[in-house]
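Structure, as structure tokens:
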Ligand SMILES: Nc1ncnc2c1ncn2[C@@H]1O[C@H](COP(=O)(O)OP(=O)(O)OP(=O)(O)O)[C@@H](O)[C@H]1O
Ligand SMILES: [Mg+2]
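Protein chains in written order, with the numbering used here: chain A, 575 to 916; chain B, 1342 to 1626.
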């Protein structure tokens, strides 16, 4: 379990983490969702003992992150935002290096390396230098490295940043499988809404160093007032809207009926659209067959409010995405050349 | 940082055998990584072997013609070498060996700037490894690579008429290890304070070249002005050059061999401690 108390991190006159209080429970997948510069990485770095907090405390697995940093480090695994393996070494060599650094016992070392390589699907590329890996393979190697010593808590800082949609979905599957197979607590940061939605039990929305909302993905979305059903009727116009509104106002799961100005469709805000949609359609249909109105339904659709809507509501801004910084190919001169070109 | 943490680390290692084994495993891992990367970065390997040879043969031959010309004897101040049968190329050979160590060790240490830039350092620091272990692993890496490069030069020395005995080879290795430990520590100490790659150029201009030129690698130090001799006195490489010269060429150095070695050992302890302390204070991110 992780508990964070009044954590603050200041950089000169910038407050990167602003009085954060948070509990993260065992075996949960917790998402930190926020835009660039929100403080996600800083928070993870503090928890991983790489950055000292300005004030406040935090405990991981019962160890204080400042006073017992070495014990904290033994019990966590972390995948950084940018790849951090040595690209002059092969994937296997990187894993071997870290299994020694984490003092994985000698008799299980090779098996552990083999297992994590298999889990991330890099077995056949294990002897290639990391500089020859694709971005997605590098990420997977980092994840393998984070799992080597069977930590109870794993941090993933933007696990799918810079991956194409296919690789992203594959990564999601890995993460999902990981959580199911390994019984770990996982904390991931992201600025992709769908990612947080898909993977996390609970989400903390972080903005300007503050946790501004904390709930399950569905809880967050429900806080917006349900889902949205859009109905296209044969007869369009204000009259129809009033009729439908009067039909539906007896249901308390319906919050609001509005007319979409552009297409003339009805926009109905409801709770739990999937189970209530049939009720709504039936009510409209009954009204038709009773002969009082001619409002037959031409087409229907519903969508949930996205976390994007949630983020918008809490911050008044959209989350923008960013390009991942290109990483160097490797090698001293290449590294240098790369640097010179910047 | 708690006072005496370093000693606590060492004490813990000694008291607990299992811990010692683990710490040694970590040390080995860091050393091995350094060594492998060194062997794989071909450009670095080639450059660091080729440059000393260039100095040895171009400067050695070019200046040699001036230095051995009787009319310029007094300029180079080496009347006694002729008597000992030592040519200029042989005279600078120990200096060139030192040069290779100076360059490779300081670069090796300050290479930590790249480790940080490319986030590798972060991944090591987030592992349960003490800073002292990382530091020692890196200095061992620096010593190994310096020794390897020096070995290539020592072999070439045979062709220049340098004679080795088992004892002299042993002394040479000790001096090389002392110097490379000192300068790798220096590189690590400087590198641990540098956040950007710009620092690397500064290290070359303000550390590597002065260490080299002030060491007496290329000219004898017996006739130099006071200001210069002050600088050469605080250059650890001076003592290595002097010790190597007396061992390899069998001529009397500026100081007795033991004095050179003793002073060098003080640099090992002093700069080693500074390096270790800066390393422990270094920010991880
Ligand atoms: N070493 C540092 N010195 C000064 N300011 C810093 C430092 N590290 C981070 N910051 C600042 O702290 C704030 C939070 O940064 P952080 O990297 O935690 O954001 P993030 O949420 O991870 O963003 P991103 O999505 O871009 O990764 C930013 O304003 C950043 O500029
Ligand atoms: Mg970040």
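Every residue, glycine too, gets a C-beta built ideally from N, C-alpha and C.
{"Check": "For residue 829 of chain A, three-class secondary structure by DSSP", "Outcome": "strand"}
{"Check": "CB contact check: residue 760 of chain A to chain B, cutoff 8 Å", "Outcome": "no"}
{"Check": "CB contact check: residue 744 of chain A to chain B, cutoff 8 Å", "Outcome": "no"}
{"Check": "Contact shell at 7 Å, judged by CB to any heavy atom of ligand 2, ordered along the chain", "Outcome": "A:614, A:615, A:655, A:731, A:732, A:763"}
{"Check": "Validate contact between the stretch 754-761 of chain A and the stretch 842-852 of chain A using beta carbons, cut 8 Å, 3 pairs", "Outcome": "no"}
{"Check": "Contained alpha helix (DSSP H) runs [length at least 4] in the stretch 1542-1605 of chain B, N- to C-terminal order", "Outcome": "1550-1554, 1567-1574, 1577-1590"}
{"Check": "Beta-carbon gap between residue 625 of chain A and residue 1626 of chain B smaller than 8 Å", "Outcome": "yes"}
{"Check": "Enclosing beta strand (DSSP E) for residue 577 of chain A [first to last residue]", "Outcome": "576-585"}
{"Check": "Terminal residues of the beta strand (DSSP E) in which residue 875 of chain A lies", "Outcome": "871-877"}
{"Check": "Meets three-Cβ-pair contact criterion under 8 Å: the stretch 670-677 of chain A and the stretch 721-728 of chain A", "Outcome": "yes"}
{"Check": "Proximity below 8 Å, CB of residue 1514 of chain B to CB of residue 1531 of chain B", "Outcome": "no"}
{"Check": "C-beta atoms of residue 1407 of chain B and residue 1494 of chain B nearer than 8 Å", "Outcome": "no"}
{"Check": "Anticipated Cβ contact below 8 Å, residue 721 of chain A with residue 668 of chain A, distance rounded", "Outcome": "The pair is not a contact, with the Cβ atoms about 13 Å apart (cut-off 8 Å)."}
{"Check": "Exposed unless 16 or more other CB atoms sit within 10 angstroms - verdict on residue 1363 of chain B", "Outcome": "buried"}
{"Check": "When B:1470, B:1491, B:1456, B:1375 are compared against residue 1391 of chain B, the one with the closest alpha-carbon", "Outcome": "B:1491"}
{"Check": "Simplified DSSP assignment, three categories, for residue 1459 of chain B", "Outcome": "coil"}
{"Check": "Residues of the stretch 639-655 of chain A with Cβ closer than 7 Å to any Cβ of chain B, in chain order", "Outcome": "644, 647, 648, 652, 654"}
{"Check": "Nearest-angstrom beta carbon gap, residue 653 of chain A and residue 729 of chain A [assumed within contact, 8 Å]", "Outcome": "7 Å"}
{"Check": "Nearest residue (CA-CA) to residue 1397 of chain B, options B:1485, B:1435, B:1521", "Outcome": "B:1435"}
{"Check": "Straight-line gap, residue 1461 of chain B to residue 1604 of chain B (C-alpha atoms, nearest Å)", "Outcome": "35 Å"}
{"Check": "Test item: CB-CB of residue 666 of chain A and residue 701 of chain A under 8 Å", "Outcome": "yes"}
{"Check": "Residue 1534 of chain B: CB within 7 Å of a non-hydrogen atom of ligand 1", "Outcome": "no"}
{"Check": "Where the alpha helix (DSSP H) containing residue 1530 of chain B begins and where it ends", "Outcome": "1507-1534"}
{"Check": "Residue 676 of chain A CB to nearest heavy atom of ligand 1 below 7 Å", "Outcome": "no"}
{"Check": "Cβ pair residue 794 of chain A, residue 881 of chain A closer than 8 Å", "Outcome": "yes"}
{"Check": "Proximal chain B residues relative to residue 660 of chain A, where beta-carbon distance stays under 7 Å", "Outcome": "1374, 1378, 1461"}
{"Check": "Runs of alpha helix (DSSP H) lying entirely within the stretch 630-694 of chain A, each at least 4 residues, in chain order", "Outcome": "643-649, 665-675, 680-693"}
{"Check": "Under 7 Å from the C-beta of residue 1465 of chain B: neighbouring residues of chain A", "Outcome": "675"}
{"Check": "Residue 787 of chain A CB to nearest heavy atom of ligand 1 below 7 Å", "Outcome": "no"}
{"Check": "Nearest residue (CA-CA) to residue 1456 of chain B, options A:658, A:703, A:704", "Outcome": "A:658"}
{"Check": "8 Å Cβ cutoff, residue 1626 of chain B in contact with chain A", "Outcome": "yes"}
{"Check": "C-alpha gap between residue 1613 of chain B and residue 1523 of chain B, whole angstroms", "Outcome": "6 Å"}
{"Check": "N- and C-terminal bounds of the alpha helix (DSSP H) containing residue 1475 of chain B", "Outcome": "1472-1500"}
{"Check": "Assigned secondary structure, residue 738 of chain A (DSSP; H/G/I helix, E/B strand, else coil)", "Outcome": "coil"}
{"Check": "Closer than 8 Å to chain B by CB, residue 602 of chain A", "Outcome": "no"}
{"Check": "Cβ neighbour criterion (16 or more within 10 Å) applied to residue 1504 of chain B", "Outcome": "exposed"}
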